[in-house]
Structure formats: structure tokens, C-alpha cells
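When we follow the numbering used here, the leftmost residue of the sequence shown carries the number 11, and every step to the right adds one. Note that CB positions come from ideal geometry on N, CA and C, so glycine has one too. Keep in mind that this is a model prediction, so the values were computed, not measured. Some notes on the structure that comes next.
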Amino acid sequence: MMTDKPAKSHGRLAVRPSLKPRELMTNTPDIFGAWKVKIITLFPELFPGVLGGSLTGKALKEGLWNLETIELRGYGIGKHHDVDDTPAGGGAGMVLKADVVGGAMDDARRGTPMDPNAWPVIYLSPRGKPFDQAMAQKFSQAQGMTLLCGRFEGVDERVLEEYNIQEVSLGDFVLTGGEIAAQALIDATVRLLPNVLGNADSTVEESFSNGLLEHPQYTRPATWKGRKIPDVLTSGHHGKVDAWRKEQSKRITRERRPDLWADYEAASDDKKPCD
Ligand code: SAH
Numbered sequence: 011m012m013t014d015k016p017a018k019s020h021g022r023l024a025v026r027p028s029l030k031p032r033e034l035m036t037n038t039p040d041i042f043g044a045w046k047v048k049i050i051t052l053f054p055e056l057f058p059g060v061l062g063g064s065l066t067g068k069a070l071k072e073g074l075w076n077l078e079t080i081e082l083r084g085y086g087i088g089k090h091h092d093v094d095d096t097p098a099g100g101g102a103g104m105v106l107k108a109d110v111v112g113g114a115m116d117d118a119r120r121g122t123p124m125d126p127n128a129w130p131v132i133y134l135s136p137r138g139k140p141f142d143q144a145m146a147q148k149f150s151q152a153q154g155m156t157l158l159c160g161r162f163e164g165v166d167e168r169v170l171e172e173y174n175i176q177e178v179s180l181g182d183f184v185l186t187g188g189e190i191a192a193q194a195l196i197d198a199t200v201r202l203l204p205n206v207l208g209n210a211d212s213t214v215e216e217s218f219s220n221g222l223l224e225h226p227q228y229t230r231p232a233t234w235k236g237r238k239i240p241d242v243l244t245s246g247h248h249g250k251v252d253a254w255r256k257e258q259s260k261r262i263t264r265e266r267r268p269d270l271w272a273d274y275e276a277a278s279d280d281k282k283p284c285d
């Protein structure tokens, strides 16, 4: 029986048989129905990278999500497997070739839905829509996604048009490649998948989820270098703790992020999710 949850039998996760040659397989189980990311990159050895550590790494090993890299070099042209060429019209640097990236895209598409809501296809790019928590939420609700990591000056524009690829940016700065951006996007998305974080509440109350930045956090010791934890937090009065945290969230958002604060203020009271 197929469900949209990872199949289980005898307490072990069921592994889907694959026809792919061994060397193309990642060493993680490919669990049917689990959220999956396909990453087109010149540097597959950079994955899972930081995603292999801590909670995302544990979830990867447990098969709560899957990662597949598609090495761009394998689609290179000619004796030297060329993947890039000089920019048409001149100028500095190199551009990833449309015929090379296209070959990888065709393979990545195999077995994935065409509906961009069910399976977003994204090129990490400084020209893209700025990545945010709402996008991470949306991506985590898809079946999976395909990420194209650029290098050099980027990719031939025609590939983006041909495959209707959306551009997403990590911020207003330029990285040397899309791999770090891809790992940041995947981390933000994967931690929203069911069972990845130990405590599901932590994604409900954290920064951005209610349009505000998070309040300050403290833990023992009660006094450190003469600095005390605010009394209200040790009062045991939950109502007062909640009110204090809300006030702090508002103050920090107002001071640091006038853009978020304006949006928060503009939302009518009944639209403020956690007020
Ligand atoms: N010439 C491009 C920059 C290329 S940087 C430009 O001026 O827009 C090389 C690659 O790094 C890009 O193809 C992209 O995949 C990645 N990259 C660089 N900055 C990024 C950012 N802010 N967000 C996401 N990806 C980025």
C-alpha cells in the first residue's frame, strides 16, 4: 500500500529499489514518499556538507528526507567534458552551457511532478526572489524540489526559460557558487518537515513565524558576570512570561527591522497569527 508517509515494516524503514548504478547513489536510503531534494552541481562532494550534521543529518540517515546530487561534469561536452564557455557579447568569466545544464535538467525531471507547487525547480541566484521563512514553509509542503547551483558567471539564460526555473536569492551579496545557498535553503526547509526537530513547537514560536523577531532567550546560571536573568522569567507566572516575551519581540522587531514592523502593524488584529 502506498501512503504519503515513509513506508514502514517491522519497525524498519522500507527502501525503494533503484536501477541507478551504485556510484550515482547517495549512501542514504531512498525512502518512498519522503521529501527529496535533487541538486545539480559541479561539486557533488560538497553535499550533504553541513546538512550531514546535527538534526538534519540524523533525519537524513533516518530517511525523513532524501538528497540526490546530479553531477554537472557528467553532462560535459567533448573529450574534456566542457561545462562552460565564454559569455556571448564578451566580458569577464565563463557561463555554464545551456546544452550541459539542459542534459542534467532532463535527468532531474525524470519521475518528478511538473506542477511547480508539488515540485519547485529553483536556480540559486543573486537576481532571485529573496528567500524567506514563508518560502521554506511552502517548499516543505511540496513532495520535493530540484536545485540548480551556478558557478562562474552563472548559467545560460535559455535554460532558465526552457525549464521555467524560478530564481531564489539568499541575500544581496554574491557567493562564488550556489552550493552554500542551496544548503541554507535546504536546512531551513528540512527542519520544518514532520519529526525532524525534537520539539515541533519551536518552529511555531521562532522568528518570522508570527511576523516578529524572537524575544531574548536565557538559561542557567541565574546570575552570570553580575548579569541576572530578568525576574519575570523566573517568576513561574506563565501569563506574565508570555506578555513580557511578546513585548520584547515587538521592541526588537521595531528597532531592528522597520520593514517587518510596518508589515506587522499593517496586518489587522485578526490576521496577526500569534497575538
Ligand atoms: N554573475 C552573477 C553572479 C554569479 S555568482 C551575477 O552577477 O548575478 C556564481 C553563482 O553563485 C551563481 O550562479 C549562483 O548560483 C550562486 N550565487 C551567488 N550569489 C548568490 C546569492 N546571493 N544567492 C543565491 N545564489 C548565489
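Residue from the options whose Cα sits closest to the Cα of residue i
i    : options                   : result
Y133 : A152, L106 and S64        : L106
G62  : D116, T122, N76 and M145  : N76
R201 : K148, G187 and L223       : K148
V169 : G67, P58 and M115         : M115
S86  : K260, P268, E172 and D109 : What sits at residue 86 in the sequence shown is Gly, not Ser. It is D109.
K46  : G101, R255, G88 and Q153  : Q153
L56  : S217, P126 and E189       : E189
A144 : E216, V242, N174 and L185 : E216
H225 : P54, L185 and L243        : L243
K260 : L180, L74 and F218        : F218
G113 : G236, T233, P97 and I50   : I50
R161 : S150, Q151, E171 and A191 : A191
Y228 : G221, D241 and L222       : D241
G99  : K68, N127, D166 and G88   : D166
K256 : S64, P58, I196 and L222   : L222
R120 : T213, Y173, G59 and G249  : Y173
L195 : L185, G208, H248 and L180 : L180
G208 : G101, S64 and K235        : S64
Opening and closing residue of the alpha helix (DSSP H) in which residue i lies
i    : result
K46  : Careful: K46 lies outside any alpha helix (DSSP H), inside the beta strand (DSSP E) at W45 to T51.
E265 : H248 to R266
A144 : Q143 to Q151
V214 : D211 to E215
S64  : S64 to K71
Residue i - partner residues in DSSP beta bridges
i    : result
V165 : L106
Q193 : DSSP, once it has assigned bridges, lists no residue as partnering Q193.
I132 : L157 and Q176
I80  : I50
W234 : R237
R95  : The identity of residue 95 in the sequence shown is Asp, whereas the question assumes Arg. According to DSSP, D95 bridges with V105.
P140 : S179
W271 : None; W271 has no bridge partner.
Minimum Cβ-Cβ distance from residue i to chain C less than 7 angstroms
i    : result
Q151 : Included in the structure is just one protein chain, with no chain C present.
Within 7 angstroms, strictly: CB atoms of residue i and residue j
i    : j    : result
T7   : A118 : With the chain running from 11 to 285 in the structure shown, residue 7 is simply not present.
G187 : C159 : yes
F135 : E72  : Residue 135 is actually Ser in this sequence, not Phe. Not a contact, by the Cβ cut-off of 7 angstroms.
A146 : A198 : yes
L82  : L52  : yes
A44  : V206 : no
I175 : V131 : yes
With 16 other Cβ atoms within 10 Å as the buried cut-off, status of residue i
i    : result
D94  : buried
E265 : exposed
Q193 : buried
H90  : exposed
W129 : buried
G164 : buried
D125 : exposed
P204 : exposed
F141 : buried
P268 : exposed
D182 : exposed
R32  : Bear in mind that a pLDDT of 41 at R32, under 50, signals an unreliable position, so the number given afterwards is only what the model happens to contain. With fewer than 16 other Cβ atoms within 10 Å, it is exposed.
S245 : exposed
P123 : exposed
N37  : Residue placement at N37 cannot be trusted, given a pLDDT of 47 that sits under 50; what the coordinates show is reported in the next sentence. The residue in question, N37, is exposed, as its Cβ has fewer than 16 Cβ neighbours within 10 Å.
P231 : exposed
T13  : Residue placement at T13 is flagged as unreliable, the pLDDT there being 42, under the threshold of 50; the coordinate-derived value follows with that caveat. Its Cβ having fewer than 16 others within 10 Å, T13 is exposed.
W271 : buried
S150 : buried
K48  : buried
M35  : Low confidence applies here, because M35 scores a pLDDT of 45, under 50, leaving its location unreliable; read the following figure in that light. M35 is exposed by the Cβ-count criterion.
T233 : exposed
T263 : buried
T66  : buried
A277 : exposed
Y274 : buried
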